[in-house]
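Worksheet: the structure to be examined is printed underneath.
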Amino acid sequence: MELVDKVAVVTGVSKGIGRATVEALLKKGCLVAGWGRTAPDIQHTNFYFFETDVQDLSSVKNAYHGTINSIGDDVSILVNNAGLGFEGELEQLTEEQWSTMFRTNVDGVFYCTQQVLPGMKELGEAHIINISSIAGQTGIPGMSGYCATKFAVRGFSQSLYKEVRNDGVKVTCIYPGSVQTNFFDSIDSVTANDNMMQPEDIASTIVHCLESDANYHHVDIEVRPLKPKG
Numbered sequence: 004m005e006l007v008d009k010v011a012v013v014t015g016v017s018k019g020i021g022r023a024t025v026e027a028l029l030k031k032g033c034l035v036a037g038w039g040r041t042a043p044d045i046q047h048t049n050f051y052f053f054e055t056d057v058q059d060l061s062s063v064k065n066a067y068h069g070t071i072n073s074i075g076d077d078v079s080i081l082v083n084n085a086g087l088g089f090e091g092e093l094e095q096l097t098e099e100q101w102s103t104m105f106r107t108n109v110d111g112v113f114y115c116t117q118q119v120l121p122g123m124k125e126l127g128e129a130h131i132i133n134i135s136s137i138a139g140q141t142g143i144p145g146m147s148g149y150c151a152t153k154f155a156v157r158g159f160s161q162s163l164y165k166e167v168r169n170d171g172v173k174v175t176c177i178y179p180g181s182v183q184t185n186f187f188d189s190i191d192s193v194t195a196n197d198n199m200m201q202p203e204d205i206a207s208t209i210v211h212c213l214e215s216d217a218n219y220h221h222v223d224i225e226v227r228p229l230k231p232k233g
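So in our numbering, spot 175 of the sequence shown is number 178, and the numbers just go up one at a time.
Here you go:
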């Protein structure tokens with residue numbers, strides 16, 4: 004896909020992978036709508052921020068209509084990045100923690116995708132990138148709730164790409180290993196460090212997928228630090 008002047012939506016843009024992805028897409032000439040609770044410190048004529056709670060369908064609908072009204076074109080790119088996780092053995096997880104993870108990590112992906120998909124089909128060339136996790140491929144002790152949500156993103160992605168491939172819409176699911184972001188602020192067993200991947204690394208993978216030939220489709224991509232312990 005040629006990225007210049009394409010409308011891209013990125014969720015969870017205040018920091019980390021979301022912010023790095025916004026910056027990478029702006030460098031490529033995209034018109035970028037950031038959907039999130041907190042605006043990033045990005046000053047760019049092609050960046051539009053819409054305060055959005057991806058857990059709330061009405062909030063997502065408002066962000067979508069605001070994007071279309073502000074930019075004036077259908078969305079060609081959606082990066083479902085917003086997500087969170089709580090650590091704890093199953094009996095330690097509260098109902099609110101479990102529900103919050105599913106509302107954000109799963110319902111949010113569904114709500115955002117459902118809003119942009121009809122327009123993408125009309126365009127005949129579009130791309131949805133879903134950020135899962137290594138936790139979406141294997142169980143991790145003390146992370147059963149988070150793993151459950153990321154396995155759900157995996158299943159959603161693999162089903163959706165088969166639904167929409169003939170409409171010219173690609174769906175790619177990326178499974179990052181450890182990335183140095185604020186995600187680990189709430190994970191006591193892991194401390195973010197310089198041996199982890201950087202948000203810009205994931206953003207570069209996203210751009211690579213988006214710029215691929217129209218008939219070349221990255222379905223699943225697993226990425227990890229080569230030397231996680233330095």
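Quick reminder that beta carbons are idealized off the backbone N, C-alpha and C, glycines included.
Query	Result
In angstroms, rounded to a whole number, what distance separates the CA positions of GLN182 and GLY122?	Correcting the residue type first, residue 182 is Val in the shown sequence and not Gln. Near 32 Å, if we compare the C-alpha coordinates of GLY122 and VAL182.
Under the DSSP definition of a beta bridge, which residues are partnered with GLY39?	GLU54
Cutting at 7 Å between CB atoms, please list the residues of its own chain near ASN84, excluding the five before and the five after it.	VAL13, THR14, GLY15, ILE20, GLY21, THR24, ILE134
Spatial neighbours of GLY127 within its chain, please: C-beta separation below 6 Å, excluding the five flanking residues on both sides.	GLY171
When DSSP labels each residue in this structure, what does ALA11 get in the three-state scheme?	strand
Report the option in LYS64, ALA129, HIS221 whose CA atom is closest to the CA atom of GLY111.	LYS64
So THR97 and VAL57 are in contact, right, with Cβ under 8 Å, and what is the actual spacing, rounded?	Not a contact, Cβ separation roughly 21 Å.
Within its chain, find whatever has a CB closer than 6 Å to the CB of SER160; leave out the 5 residues flanking it on each side and keep chain order.	ASN133, VAL174, CYS176
Give me the DSSP bridge partner(s) of ASP44.	According to DSSP, ASP44 bridges with nothing at all.
Would you call the stretch 88-105 and the stretch 70-79 touching, i.e. three or more CB-CB distances under 8 Å?	no
In three-state DSSP terms, what is ASN49?	coil
Given a threshold of 16 other Cβ atoms within 10 Å of its Cβ, counted over all protein chains shown, does GLN118 qualify as buried or as exposed?	buried
On a CA-only basis, which of ASP223, THR194, LYS230, PHE89 is nearest ILE131? Give me that one, please.	ASP223
Please classify CYS33: does DSSP put it in a helix, a strand, or coil?	coil
Once DSSP output is grouped into helix, strand and coil, what is the label at ASP170?	helix
Are VAL35 and ALA11 touching if we call contact CB-CB under 8 Å?	yes
Please check the pair LEU136 and LEU93, which I expect to be a contact at CB under 8 Å, by giving their CB distance rounded to whole angstroms.	The amino acid at residue 136 is misidentified as Leu; the sequence shows Ser. That belief does not hold up - the Cβ atoms of SER136 and LEU93 are roughly 18 Å apart, past 8 Å.
Can you give me the C-alpha to C-alpha distance between VAL82 and THR208, rounded to a whole angstrom?	12 Å
Less than 8 Å between the CB atoms is what I'm expecting for THR55 and SER62, so what's the real figure, rounded?	5 Å
Buried or exposed for PRO231, going by 16 or more other Cβ atoms inside 10 Å?	exposed
Please state if the CB of PRO228 and the CB of ASN198 are separated by a distance shorter than 8 Å.	yes
Once you ignore the five residues that flank VAL156 on each side, which residues in its own chain have a CB closer than 7 Å to its CB?	ASN108, VAL109, VAL112, ASN133, SER135, GLY139, CYS176
When the Cα atoms are used, what is the spatial distance from ALA42 to LYS18?	9 Å
What's the call for THR70, buried or exposed, on a 16-neighbour Cβ count within 10 Å?	buried
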